[in-house]
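Number of protein chains: 2
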Amino acid sequence: MDPATNLPKRTHSRVSMLDPAAQIEIVAFEWVPDFAQGHVRDLRPRWACEEAGLPYRERLISVMDKPAWYFDEQPWGQVPALRHGDLHVFESGATLLHLGEKSETLLPRDAARRSEAISWLFAAFNTVEPPLMEYGNVTLFAAGEEWAKLRLPSLEAFIRTRLAPLERRLATSEWLGEALTIADIAMVSALRALEDSDLLAEHSATFAYVERGKARPAFQRAIADQLAAFARHPQPQMEGA
Amino acid sequence: MDPATNLPKRTHSRVSMLDPAAQIEIVAFEWVPDFAQGHVRDLRPRWACEEAGLPYRERLISVMDKPAWYFDEQPWGQVPALRHGDLHVFESGATLLHLGEKSETLLPRDAARRSEAISWLFAAFNTVEPPLMEYGNVTLFAAGEEWAKLRLPSLEAFIRTRLAPLERRLATSEWLGEALTIADIAMVSALRALEDSDLLAEHSATFAYVERGKARPAFQRAIADQLAAFARHPQPQMEGA
Numbered sequence: 001m002d003p004a005t006n007l008p009k010r011t012h013s014r015v016s017m018l019d020p021a022a023q024i025e026i027v028a029f030e031w032v033p034d035f036a037q038g039h040v041r042d043l044r045p046r047w048a049c050e051e052a053g054l055p056y057r058e059r060l061i062s063v064m065d066k067p068a069w070y071f072d073e074q075p076w077g078q079v080p081a082l083r084h085g086d087l088h089v090f091e092s093g094a095t096l097l098h099l100g101e102k103s104e105t106l107l108p109r110d111a112a113r114r115s116e117a118i119s120w121l122f123a124a125f126n127t128v129e130p131p132l133m134e135y136g137n138v139t140l141f142a143a144g145e146e147w148a149k150l151r152l153p154s155l156e157a158f159i160r161t162r163l164a165p166l167e168r169r170l171a172t173s174e175w176l177g178e179a180l181t182i183a184d185i186a187m188v189s190a191l192r193a194l195e196d197s198d199l200l201a202e203h204s205a206t207f208a209y210v211e212r213g214k215a216r217p218a219f220q221r222a223i224a225d226q227l228a229a230f231a232r233h234p235q236p237q238m239e240g241a
Numbered sequence: 001m002d003p004a005t006n007l008p009k010r011t012h013s014r015v016s017m018l019d020p021a022a023q024i025e026i027v028a029f030e031w032v033p034d035f036a037q038g039h040v041r042d043l044r045p046r047w048a049c050e051e052a053g054l055p056y057r058e059r060l061i062s063v064m065d066k067p068a069w070y071f072d073e074q075p076w077g078q079v080p081a082l083r084h085g086d087l088h089v090f091e092s093g094a095t096l097l098h099l100g101e102k103s104e105t106l107l108p109r110d111a112a113r114r115s116e117a118i119s120w121l122f123a124a125f126n127t128v129e130p131p132l133m134e135y136g137n138v139t140l141f142a143a144g145e146e147w148a149k150l151r152l153p154s155l156e157a158f159i160r161t162r163l164a165p166l167e168r169r170l171a172t173s174e175w176l177g178e179a180l181t182i183a184d185i186a187m188v189s190a191l192r193a194l195e196d197s198d199l200l201a202e203h204s205a206t207f208a209y210v211e212r213g214k215a216r217p218a219f220q221r222a223i224a225d226q227l228a229a230f231a232r233h234p235q236p237q238m239e240g241a
């Protein structure tokens, strides 16, 4: 027992890197609707901090009533944004690259492996994720609309062209490179848009890769801390509701 | 006159960085259909090399009959890929970042300005370009399909939410940062998907920004060299056509 908290003493691997005194600050939402909980993109730098043992603090803003000043920090009002001392970074890809520069665990220093990781990082954000964003529109946000029903088959076919090369790579490799990097954090996070889809299930190596990512203690701590913020902030009252 | 070529002597600014002896190699297609000419993504690292004065050579492959070995270099068989000595990079974003590391012209060394540029770089690839890729599907590849007609209004509305923050930024700034960087090369290139659309015309600062990018001598040299390769390689015969 830890005499200070009267709770079972936690091993290092179970201690989250969330620390109000940390130098790195990650902006996240204080609350989001159920369907988005566990999927908001601050999860990506949180996960990276947990993998690397980099302490971070969180700054929570309202998604329903975004403060006007936040658009000076993040032009689209999205999360995450990250501060590290005087540096300011937005876009989850840029936050991952920033954290990668701080930790060889996240991004190899060897030039060839570093180039490989950065190539896969951009592949996650610009080759794999874009059609998955549209898949979210088709199957979730616009699920009831006629165009969405008509669009689904060709979109699924296109997504398969994006998954096949990943499947080929992951059939012989646990991670995209020799060990987990920011590219895997980005790719697993993007692929989670297919968590409940046959598209992922039919690519068994890629499916196993996503499960392997989600089973990481660092991922578990990151998602627990995102969800903990939501639990502390009840759903806001809707005006006129 | 240049006695060696019997052509008017070119000033430095008119000399392309394309050089068969260069250390940097960019993979491009030898020929593509008309609608894609001037838009293939090797244009992005070509433009960056021209801005920075970095000599590069091109390696041309067939888009119609991609060599099987190329998928070991680029998992999706896309261009560009880039070699620089022993280093191998794929995804246009990764090629831009690699070139940025080689040239302060492309990516400031000052930490704050570097972070800003990398943030906008990822914004181009993951926030702005994804709906523009779908716009290409809706207005070009699937233009005759019922779903595409039904999808267009909501997609245009979403694209406006992506353009408004850019318009706000570009209303008071010539480039995304203090001077042109790889982020602008990526953003202008992505926005060219809207070249003929009212969506771009109705955002006057963003429209002017794209025109400013396209007017750069470096952009002009890059696109001329992409088109020159196509001109040297006639359209392949289609089997069974």
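Protein sequences appear in the order of chains A and B. Using this note's numbering, the letters of the first sequence map in sequence onto residues 1 to 241. Using this note's numbering, the letters of the second sequence map in sequence onto residues 1 to 241. Glycine residues also receive a C-beta, built at the ideal position from the N, C-alpha and C atoms.
Taking 9 angstroms as the CB-CB cut-off, is residue i touching chain B?
| i | result |
| --- | --- |
| residue 133 of chain A | yes |
| residue 172 of chain A | no |
| residue 78 of chain A | yes |
| residue 71 of chain A | yes |
| residue 104 of chain A | no |
| residue 67 of chain A | no |
| residue 121 of chain A | yes |
| residue 89 of chain A | yes |
| residue 160 of chain A | no |
| residue 116 of chain A | yes |
| residue 177 of chain A | no |
| residue 169 of chain A | yes |
| residue 75 of chain A | yes |
| residue 111 of chain A | yes |
| residue 150 of chain A | yes |
| residue 197 of chain A | no |
| residue 130 of chain A | yes |
| residue 204 of chain A | no |
| residue 154 of chain A | yes |
Which whole-angstrom value describes the C-beta separation of residue i and residue j, a residue pair presumed to lie in contact below a C-beta threshold of 8 angstroms?
| i | j | result |
| --- | --- | --- |
| residue 26 of chain A | residue 82 of chain A | 5 angstroms |
| residue 43 of chain B | residue 222 of chain B | 6 angstroms |
| residue 31 of chain A | residue 235 of chain A | 6 angstroms |
| residue 22 of chain A | residue 56 of chain A | 5 angstroms |
| residue 90 of chain B | residue 119 of chain A | 5 angstroms |
| residue 103 of chain A | residue 52 of chain A | 4 angstroms |
| residue 99 of chain A | residue 54 of chain A | 6 angstroms |
| residue 177 of chain B | residue 109 of chain B | The Cβ separation is near 13 angstroms, so there is no contact. |
| residue 130 of chain B | residue 130 of chain A | 4 angstroms |
Since residue i is in the alpha helix (DSSP H), which residue starts that stretch and which ends it?
| i | result |
| --- | --- |
| residue 152 of chain A | 146-170 |
| residue 132 of chain B | 129-136 |
| residue 201 of chain B | 198-201 |
| residue 117 of chain B | 111-122 |
With a threshold of 9 angstroms between beta carbons, is residue i in contact with chain A?
| i | result |
| --- | --- |
| residue 98 of chain B | yes |
| residue 144 of chain B | no |
| residue 147 of chain B | yes |
| residue 127 of chain B | yes |
| residue 165 of chain B | yes |
| residue 86 of chain B | yes |
| residue 92 of chain B | yes |
| residue 36 of chain B | no |
| residue 189 of chain B | no |
| residue 108 of chain B | no |
What are the partner residues of residue i, as DSSP defines its beta bridges?
| i | result |
| --- | --- |
| residue 185 of chain A | Residue 185 of chain A is not bridged to any residue. |
| residue 90 of chain A | A/81 |
Could you give the DSSP three-state label for residue i: helix, strand or coil?
| i | result |
| --- | --- |
| residue 227 of chain B | helix |
| residue 276 of chain A | Nothing in the structure corresponds to residue 276 of chain A, since chain A is present only between 1 and 241. |
| residue 18 of chain A | strand |
| residue 218 of chain B | helix |
| residue 47 of chain A | helix |
| residue 72 of chain B | helix |
| residue 105 of chain A | coil |
| residue 205 of chain B | helix |
| residue 233 of chain A | coil |
| residue 211 of chain A | helix |
| residue 34 of chain B | helix |
| residue 100 of chain A | helix |
| residue 41 of chain A | coil |
| residue 142 of chain A | coil |
| residue 192 of chain B | helix |
| residue 179 of chain B | coil |
Considering residue i, what are the terminal residues of the beta strand (DSSP E) in which it resides?
| i | result |
| --- | --- |
| residue 27 of chain A | 24-29 |
Would you say residue i touches the ligand FMN, meaning its beta carbon is less than 8 angstroms from a heavy atom?
| i | result |
| --- | --- |
| residue 75 of chain B | This structure lacks the ligand FMN, and indeed carries no ligand of any kind. |
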